[in-house]
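To start, the structure under review is shown below, and the notes come after it.
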Amino acid sequence: MAKASHRASNRSASRCLRHKAAALACIALAGCSTVGGTRDDGNDDPLEPMNRVVFNANDVVDTNVIRPLADGYRRIVPEAVRDAIRACLDNLQEPRIFVNNVLQFRLDAAAVTLARFSFNSTFGLAGLIDVASPNGLARQTGDFGQTLYRWGVGSGPYLVLPFFGPSNFRDAFGFGMDIVAMPPALLLDDGTGIWINAGVYVLSGFDLRSRNIEQLDQIKANSLDYYAQFRSIARQYREAQLRAARGLADEPEELLDPEAPAE
406 MAKASHRASN
416 RSASRCLRHK
426 AAALACIALA
436 GCSTVGGTRD
446 DGNDDPLEPM
456 NRVVFNANDV
466 VDTNVIRPLA
476 DGYRRIVPEA
486 VRDAIRACLD
496 NLQEPRIFVN
506 NVLQFRLDAA
516 AVTLARFSFN
526 STFGLAGLID
536 VASPNGLARQ
546 TGDFGQTLYR
556 WGVGSGPYLV
566 LPFFGPSNFR
576 DAFGFGMDIV
586 AMPPALLLDD
596 GTGIWINAGV
606 YVLSGFDLRS
616 RNIEQLDQIK
626 ANSLDYYAQF
636 RSIARQYREA
646 QLRAARGLAD
656 EPEELLDPEA
666 PAE
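Take the sequence shown: its letters are residues 406 to 668, numbered as in my numbering.
Set out below in structure tokens:
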């Protein structure tokens with residue numbers, strides 16, 4: 406009984422940290438797109454001095470521009486409209502997720518993604534309503550950085566990108582490929598598709614930022630080293646996505662807090 410209770414507690418803590426990770430990844434306008442690494446052992450951030458400079462610059466932009474705009478968006482736009490926008494943005498990303506599911510040989514996930522896109526694009530009024538999730542078709546993960554990992558490509562050093570936030574060399578390249586070589590960029594050869602893909606990422610990140618204002622404020626206020634805390638949780642969040650690419654459980658085996666006291 407005690408072991409079962411302990412496992413349940415661990416699962417609850419894991420879910421909580423994954424929610425924090427999603428919030429942290431949104432500090433840059435499109436920060437949820439690519440985060441890199443696995444465990445935060447402090448030994449694989451050789452670019453830390455430069456990364457801290459970029460991280461601090463991103464934080465200044467977030468504090469003075471993105472957060473106020475996100476707060477105003479949340480106050481002005483009704484929740485029902487914001488939920489419809491969120492559903493539409495998610496639906497626009499389903500083709501990219503489907504392609505990467507196939508490239509990762511996750512055919513079951515690809516089938517779910519295709520079904521989600523079909524149902525939400527039709528019965529969901531062009532994606533404005535998510536009718537798939539309540540009917541057992543959960544949203545899948547799928548990006549080209551994840552695909553490269555599935556193919557055996559190493560991550561390279563941890564990297565904080567201007568504006569887009571935490572990543573690594575592999576995931577930064579994958580992010581670029583998702584923008585320039587995924588639908589609708591492949592279908593529209595005049596450059597319009599690239600702008601659509603980039604716009605979806607930016608708007609998606611902005612919407613997620615508006616949904617995590619209090620969470621990010623709390624994490625920032627309670628962090629002794631905001632950079633290290635951000636890096637740790639972002640890595641753990643990405644670890645869950647990378648495990649999904651290999652068909653493993655979506656929970657990391659262990660979630661680490663760099664500010665926790667040593668045992």
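Just so it is clear, CB atoms sit at the ideal spot from N, CA and C, and this is done for glycine as well.
Do you know how far the Cα of residue j is from the Cα of residue i?
i	j	result
VAL482	CYS493	15 Å
SER538	ARG479	24 Å
LEU530	LEU542	17 Å
ARG444	LEU591	A caution first: ARG444 carries a pLDDT of 42, below 50, which makes its placement in the model unreliable, though a value can still be read off. Going from the Cα of ARG444 to the Cα of LEU591 covers about 35 Å.
PRO589	TYR642	27 Å
GLY559	GLN551	11 Å
PHE706	ILE601	What the structure shows of the chain is the stretch from 406 to 668, and residue 706 is not part of that stretch, so it cannot be assessed.
ARG640	LEU452	16 Å
GLY610	GLN623	19 Å
GLN545	ASN496	11 Å
According to DSSP, which residues form a beta bridge with residue i?
i	result
PRO571	VAL565
Kindly indicate which residue of the options has the alpha-carbon position closest to the one of residue i.
i	options	result
PRO454	ASN469, PHE569, TYR632, ILE599	TYR632
VAL585	SER609, ARG501, ASN496	ARG501
ARG614	GLY477, PHE580, PHE503, ASP595	GLY477
VAL536	GLY547, THR518, ASN617, PHE549	THR518
ASP612	GLY532, GLU484, LEU593, THR468	GLU484
PHE503	ALA489, ALA515, SER609, ARG472	ALA515
PHE549	PHE635, PHE578, ASN540	PHE578
VAL699	PHE568, ASP576, GLY652, GLU499	Because the chain spans 406 through 668 in this model, residue 699 falls outside it and cannot be assessed.
In the DSSP assignment, the alpha helix (DSSP H) including residue i goes from what residue to what residue?
i	result
THR546	Run containing THR546: none; DSSP gives neither H nor E here.
ARG501	499-508
TRP600	597-615
ASN456	453-466
ILE534	Per DSSP, ILE534 belongs to no alpha helix (DSSP H) and is neither H nor E.
GLY559	Looking at the DSSP string, GLY559 is not in any alpha helix (DSSP H), and its letter there is neither H nor E.
Could you tell me whether any Cβ in chain B is nearer than 8 Å to the Cβ of residue i?
i	result
ARG544	Of the protein chains in the structure, only one exists, and it is not chain B.
> Is the stretch 558-571 touching the stretch 517-526 in the sense that three or more CB pairs, one from each, lie closer than 8 Å?
Replying inline: no
> Hey, is the stretch 549-561 in contact with the stretch 502-517, meaning 3+ C-beta pairs nearer than 8 Å?
Replying inline: yes
>> Count Cβ pairs between the stretch 463-478 and the stretch 605-625 that sit closer than 8 Å; are there 3 or more?
In response: yes
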